[in-house]
Amino acid sequence: MSEKSLLKVFLNDKPVVPQDKLSLHMYETSTDVIFHTVDHVFDDAQLTSHNFLSKDVSMRAFKFELNKPITLYSIPSDPVLTFHFQVYNSQKTKFVQEDKGTLLFEQNNQIFWQNMETVKYEFEQGLFSHFNLFFRPHVILELAEKHLVLRELAMEIATSKRTDLDFFVTVAGADIDVLIDQIYDEFHQAFVSERRFKHLAECLLLCSMGIDITVDPPAPGDIKKNDEFLDLESDVIGILARQELFTEDQKHFIAQYKYFTKQMLLDDFNLKKQAYIQRKKAVRIKQKHLAKVKECHYEIMNDVLNVQASKFFLMAELIDHQVDKYEWNNQEKAIIGKVIILACRFAFQDVPPLKFQIELYNKWSEKPYMNPLGFNHFKELLKKIKPEFTIDLPDLEVSYESQAIFMDHVQDLFGYRPLDHYKGLKNIEKPKELTVLYQRLMRKFLDEISISDAGEITKSDVIRILDFSYDTNDPISMLMLEIKHFSDDKQYVFAQDSDLLSGWLLALATYDVELDEQLFLLEHDPRFELITVYNNSPKKMGAVEEHVKLERNLILQQTDLVDKHIKHLKECQSKNMLLNIINLFNC
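Take the sequence shown: its letters are residues 115 to 701, numbered as in my numbering.
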């Protein structure tokens, strides 16, 4: 079969046939159907389309995300009838010669006689995904002899230059979803003949027009098993049951990948994984720099901060003691409360408050003070209960994995789980698919557990994360463990089914949100500005030290001012004098 006999419909950001003509990444899946992955680099966007091409029918699918609007063009090499399914988001479709267009919403089907006309796709900002089936005219004319519903369409093909774009538009039903799934499933796991491809495409077209259709089983020779799929682990296929494991938002995220081919999923996974790795590396560098500059800040400022904190709180106490001496109206009380709370916050900013200090704060605040007891503080508290409790997790405050390790240590602190736990015998009320995923990963990490002659279990951090994720019904963290430890093996990645690849993409997206949260905490840390000082000066830590020493001098000046307020409060003999001091501080 020559390449010229293939039915091709090109995608471009200009209404002309692109130069590459689907030449990138081509390989032959059978003697009848060709699969192309094409990387499109346009002026305002970049996307990858996946194309199954045969002599009479072709299929194209793509997904991409836009930061600004873009127009793309669909240009057929031969006359075609087009079936369009809008998988995700909405877009406007029109012929290039016309101003009038059709707005297609998510889950809309569209069937029209395109002929050799170029169709324009207008996209706004956001995430978009759709796929098309293209048929040569004779395929529809032959089908019309069997199905009356196609007679009008066949007449248009025979007599008209083209139809309107909204010739047939409807909303996709569950039966269409099932058929599309079948097309993708067969292409995922086998080489499909042109005859089989054509039959599946015809069934989808008829189904979208409301015809009850039964898909014929593959005939001999229609399916050639792809040997690359024969070595799959039996417990890998279909381990993710979305209804059981995921939240509604997570299901919605996974749904956008429903009509992706396996190659599309692999491409998207590799892209998202590399982006996550680079972003995580950048965040970790900032965290290390912040820890370094905070240590410098503490060494220079510790004594000053302690003195400053005690003086701010003394000021709050003195105002509180003076209040009961005089009568106050509501407005005056509000000002007094505001100043006391402000002084307390200054006192608590760098030095953890004591119980009696929190009591004063709560006396004047509408909301009780919430002491930010981080994991490191909690760790010190546990050491007082059990001195043998030791754990070294430098990034405990910001890393989910570290928090999972810590909490698993806490569980072990009050008694190890029974050995049956590691044999999967205590899985009552757990989603079956979660247990399958847990047991599969546990088998892969068996060398991470050791049991002494006395029966004491020693676990690595990997097992602690896995255990904690299982205990909290968290498949995302389990999937992320698998990504981190096995996804560098290309053969291992290729062996996974589409369901699991979708789960991996969800895990990457979830952990990317965690990076957003970590970055937010970094940028709102009081010492974050010191990172800028560190990065912008060739002196690095020398510049940070100079900056902190300057800050120290300013705080000493501020402390002198607080000392004056304290002196005046101690000498205060009247209500007006007290109000004047309060107003001065409030300014």
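Here a beta-carbon is modelled for each residue, glycine too, at the ideal position from N, C-alpha and C.
Here the structure is a predicted model, which means the values were calculated and not measured.
Item                                                                                                                                                        : Value
Can you tell me the Cα-Cα spacing of residue 553 and residue 602, whole angstroms?                                                                          : 21 Å
Determine the contact status of residue 621 and residue 374, defining contact as a CB-CB distance below 8 Å.                                                : no
Hey, how far is the Cα of residue 172 from the Cα of residue 230?                                                                                           : 15 Å
Measure the alpha-carbon distance for residue 697 versus residue 446 and round it to whole angstroms.                                                       : 10 Å
Along the beta strand (DSSP E) that carries residue 198, what are the first and last residues, could you check?                                             : 194–202
Which residues in the same chain have their Cβ closer than 6 Å to the Cβ of residue 223, if we skip the five residues on either side of it in sequence?     : 199, 284, 286, 322
Following the continuous beta strand (DSSP E) through residue 227, name the residue where it begins and the one where it ends.                              : 222–229
Helix, strand or coil: how does DSSP classify residue 261 here?                                                                                             : coil
Here's the rule I'm using: 16 or more other beta-carbon atoms within 10 Å means buried, otherwise exposed. How should residue 225 be labelled?              : buried
Hey, residue 308 and residue 122: beta-carbon distance below 8 Å or not?                                                                                    : no
State whether the region 393–410 contacts the region 631–649, with contact taken as three or more CB pairs (one from each stretch) at a distance under 8 Å. : yes
Determine the extent of the alpha helix (DSSP H) in which residue 318 is found, giving its start and end residues.                                          : 308–322
Starting from residue 187, follow its DSSP beta bridges and name the residues at the other end.                                                             : 126, 234
Judging by CA-CA distance, which residue of 423, 443, 439, 451 is the nearest neighbour of residue 467?                                                     : 423
How far does the alpha helix (DSSP H) with residue 682 in it extend, from its first residue to its last?                                                    : 655–685
Quick check on the DSSP output: what are the complete alpha helix (DSSP H) runs of length 4 or more inside the region 598–631, in order along the chain?    : 604–608
Below 8 Å between beta carbons: does that hold for residue 626 and residue 412?                                                                             : no
Which first and last residues belong to the beta strand (DSSP E) in which residue 242 is found?                                                             : 240–249
Using the Cα positions of residue 444 and residue 688, report the straight-line distance between them to the nearest angstrom.                              : 19 Å
Find out if the Cβ-Cβ distance for the pair residue 293, residue 249 is shorter than 8 Å.                                                                   : no
Counting Cβ pairs, one atom from each stretch, are 3 or more of them under 8 Å apart for the region 609–619 and the region 371–385?                         : yes
How many Å lie between residue 416 and residue 645 at the Cα?                                                                                               : 19 Å
Which residues share a DSSP beta bridge with residue 207?                                                                                                   : 216, 235
Would DSSP call residue 641 helix, strand or coil?                                                                                                          : coil
Check each candidate in 591, 623, 662, 465 and name the one with the smallest Cα separation from residue 641.                                               : 662
Anyone know if the C-beta pair for residue 518 and residue 591 falls short of 8 Å?                                                                          : yes
I'd like the list of long-range same chain contacts for residue 232, defined as Cβ closer than 6 Å, with 5 residues on each side in sequence excluded.      : 129, 187, 189, 210
So for residue 578, helix, strand or coil by DSSP?                                                                                                          : helix
Note down the Cα distance separating residue 138 from residue 208, rounded to an integer number of angstroms.                                               : At residue 138 the pLDDT is 39, less than 50, meaning the model places this residue with poor confidence; the figure from the coordinates comes in the next sentence. Cα-Cα distance, rounded: 28 Å.
Taking only three categories from DSSP, how would you classify residue 292?                                                                                 : helix
Tell me which same chain residues have a C-beta within less than 8 Å of the C-beta of residue 471, skipping the five on either side of it?                  : 427, 458, 461, 462
Do residue 478 and residue 449 come within 8 Å of each other at the CB atom, strictly closer than that value?                                               : no
Thinking just about the alpha-carbon of each residue, which of 586, 618, 668 is nearest to the one in residue 600?                                          : 618
Tell me the rounded alpha-carbon separation between residue 694 and residue 659.                                                                            : 38 Å
Using the Cβ count rule (16 or more neighbours within 10 Å means buried), how would you classify residue 203?                                               : buried
Measure the Cβ-Cβ separation of residue 319 and residue 218 and say whether it is below 8 Å.                                                                : no
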